[in-house]
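Here's the structure we're looking at; comments come further down.
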Amino acid sequence: MNNAVILETEGLCKHWGGLKALDDISLKFHDRELHGIVGPNGAGKSTLLNLLCGHYKPTSGKIVHKGEAIDAIKPYAFARRGIGRSFQKTNIYPSATCLENCCVAVQRRMGGSFNFLRSRYRQQVLEEIATEALEKAGLGQRRDQVASRISYGEQRQLEIAMVLATSPCVLLLDEPMAGMGHEESQLIIELLKTLKREYCIVLVEHDMDAVFELSDKLTVMVDGQHLTTGTVDQVRDDPRVRDAYLGQGDEVY
Amino acid sequence: MLFNKRTERYFVWVFFPLALLMPLFLEQNTFYVSKLTTVMIFAIFVMSLDYLVGRCGLITLGHAMFYGLGGYIFVIIAPEYEAVNFWVYTFYICVIAALVALIIGFLVLRTSGIYMIMITLAFAQMAFYYFSDSIDFGGNDGVFIYVKPDTSIFGISLFDLDNPIHFYYLCLLSLFNTLFFFRLVIRSRFGRVIDSIHENPGRTTALGYNVFVFRLMAYTMASALGAYAGYLFTLQYGFVNPSMLAWTTSGSALVMSILGGMGSIYGAILGTLVYEGLHYVLEHLTEHWLLFMGALIILMVILFKNGIAGYLEKLLEKRS
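Residue numbers (the numbering used here), protein chains in the order written: chain A, 1 to 253; chain B, 254 to 573.
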């Protein structure tokens, strides 16, 4: 049942001075699977994501993408390899239209970014691909609206659309449902269900119901350590997980 | 469309025809012609700064270094008693200034915000003190240019740099070209990336752009144009001196850019005109002109949040 491994970490560590934010994490992310990562606050989920997208440099260990170690390359080069990420805090170009937001993403791989003469408004192909990405993320009807004027939930969708527009092979999603109402979350869940048929998705999320519903594989992290990885049912029944979440009593979901 | 704002189109249609006709009215008075020429030269400089500050979000206090370098490069590379070709030297100066900007930009653009202001200032001050202490380049007095370049192309000389009216038109053309060039760049795909970087650099990196390289390109481009302005200034007055490199030059250019409306590009012309106009009027009214000048500028900045261009746009643009 396993698809090919696309992204892999081997003994990944990130230390901030004496603090081990992430300690010896070895994970495999498969194509066309949604890999959920959960854990209490401060477990190192976001740190892991930041390492995977090249935003941080690992203290030790390496990240392997399609068989090549990529820990030494620059953050923008991660994106060029097809590792796209969305952010926990909405991170878009608020003054531009949704279409323009995605066009910036598409243009990177279509080239011409160093062209001083070619008008940015002559861009049929660019717009087609950008529109496609918007429609995939369910924002087709908001195409020409300014990003700051659409609702918060839609901005989260736009965030995903921008990642899709870069034509990624791995999607790193950092709490795409943060701060959303129930209905909006449901929309994102449906969206992710369709997307995971096409992409390798790494999902960090606090909404347990959503993670349990979506994940093909689930990793639990505690205090920067890898606790367990397995299918949803395996993880749910693991007594250590219950300890991690419920045993301490200070984290209730 | 190149000039995509209605205000800007109006401005271009009013300003440039007026400027074209101006020498006809002022023919008797070369003082005003040369005054206006200086204003237009400085407007080119302010425009290049406006692109960096308003469009790229790179706030620099060292832009005057390139203004001064434009003059000094000419003095360094041109033979002293021989007329050189204007066009060839324009090319040389822009290329050399671009190379300098490439090196300095490489160091400066690693920082951002307040640190970048400080580092650019430091580089500019280094250049300032180097030239004001150097014996070869006349120290504080600067260097005289004994022979102005000739402007022939294939033996045909279209105009004479010693003629103030001719020089006026050369500067007007340069100003228009600069505006046109920046508009072209802003409209281009490169401009899209620059706009994105300005609005959200982190996201632009995450989309796979090498933000540093784009900033470096913009910095190099604007610096080369700043040097061109300095070169024109040098030719107009026939000398260079270190005051061109002083941080006050950067400072007043920054004020003009803010006054005109940051990032609007054509606002640089408005800002320079208003600033220099005020300067000229107040200087003749009172000895303490700086006091009133400062007060007026503060007042204008409070009244026009987005500069003069921003105010005009509020009046003229259709509300959506």
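Don't be surprised by glycine CBs; every beta carbon is placed ideally from N, CA and C.
Because the structure is a prediction, the values reported are computed rather than measured.
query                                                                                                           : result
CB-CB length for B:R363 against A:G112, believed under 8 Å                                                      : Not a contact, Cβ separation roughly 27 Å.
Proximal residues of chain B, C-beta to C-beta of A:C53 below 8 Å                                               : A459
Rounded C-alpha distance that separates B:S510 from B:I555                                                      : 15 Å
Beta carbon of A:R80 nearer than 9 Å to that of A:R118                                                          : no
Contact list for A:L267 against chain B, beta-carbon separation under 9 Å                                       : With chain A running from 1 to 253 in the structure shown, residue 267 of chain A is simply not present.
Closer than 8 Å: B:I356 CB and nearest the ligand FAD heavy atom                                                : For the structure depicted, the ligand FAD is absent and the ligand set is empty, with no information on it obtainable.
DSSP-derived helix/strand/coil call for B:V341                                                                  : helix
Inter-residue spacing [alpha-carbon to alpha-carbon] between B:Y462 and B:R308                                  : 17 Å
Straight-line Cα distance separating B:A375 from B:L305                                                         : 18 Å
For B:I388, the three-state DSSP class (helix, strand or coil)                                                  : coil
Chain A contacts from the region 449-474 of chain B (Cβ-Cβ distance under 8 Å)                                  : S449, E452, N453, G455, R456, T457, T458, A459, L460, G461, Y462, N463, V464, F467 and M470
Three-state class that DSSP yields for A:M177 in the structure shown                                            : coil
Proximal chain A residues relative to B:V438, where beta-carbon distance stays under 9 Å                        : F116 and L117
Closest Cα partner of A:K217 within the set A:V235, A:L19, A:G224 and A:Q225                                    : A:V235
4 or more residues per run - each alpha helix (DSSP H) lying fully within the region 420-478 of chain B         : 442-452 and 454-459
With 16 other Cβ atoms within 10 Å as the buried cut-off, status of B:D413                                      : exposed
Through-space distance from B:G392 to A:V125, alpha-carbon basis                                                : 58 Å
Endpoints, the alpha helix (DSSP H) within which B:F545 is located                                              : W542 to L556
Three-state secondary structure assigned by DSSP to A:R81                                                       : coil
Other residues of its chain near B:T458: CB distance less than 8 Å, five sequence neighbours each side excluded : V464
Classification of A:S148 by the beta-carbon crowding that lies within 10 angstroms, buried from 16 upward       : exposed
Where A:K74 falls: helix, strand or coil (DSSP)                                                                 : coil
Any chain A beta carbon closer than 9 Å to B:S441                                                               : yes
Exposure label - B:A499; buried when at least 16 CB within 10 Å                                                 : buried
DSSP three-state assignment for A:K217, whether helix, strand or coil                                           : strand
Span of the beta strand (DSSP E), counted from its first residue to its last, around A:A21                      : L19 to H30
Cα-Cα separation between B:Y263 and A:V204, rounded to whole angstroms                                          : 52 Å
Pair within 9 Å by beta-carbon distance, B:S503 and B:M318                                                      : yes
For B:G560, the three-state DSSP class (helix, strand or coil)                                                  : helix
Three-way DSSP call (helix, strand, coil) for A:D144 in this model                                              : coil
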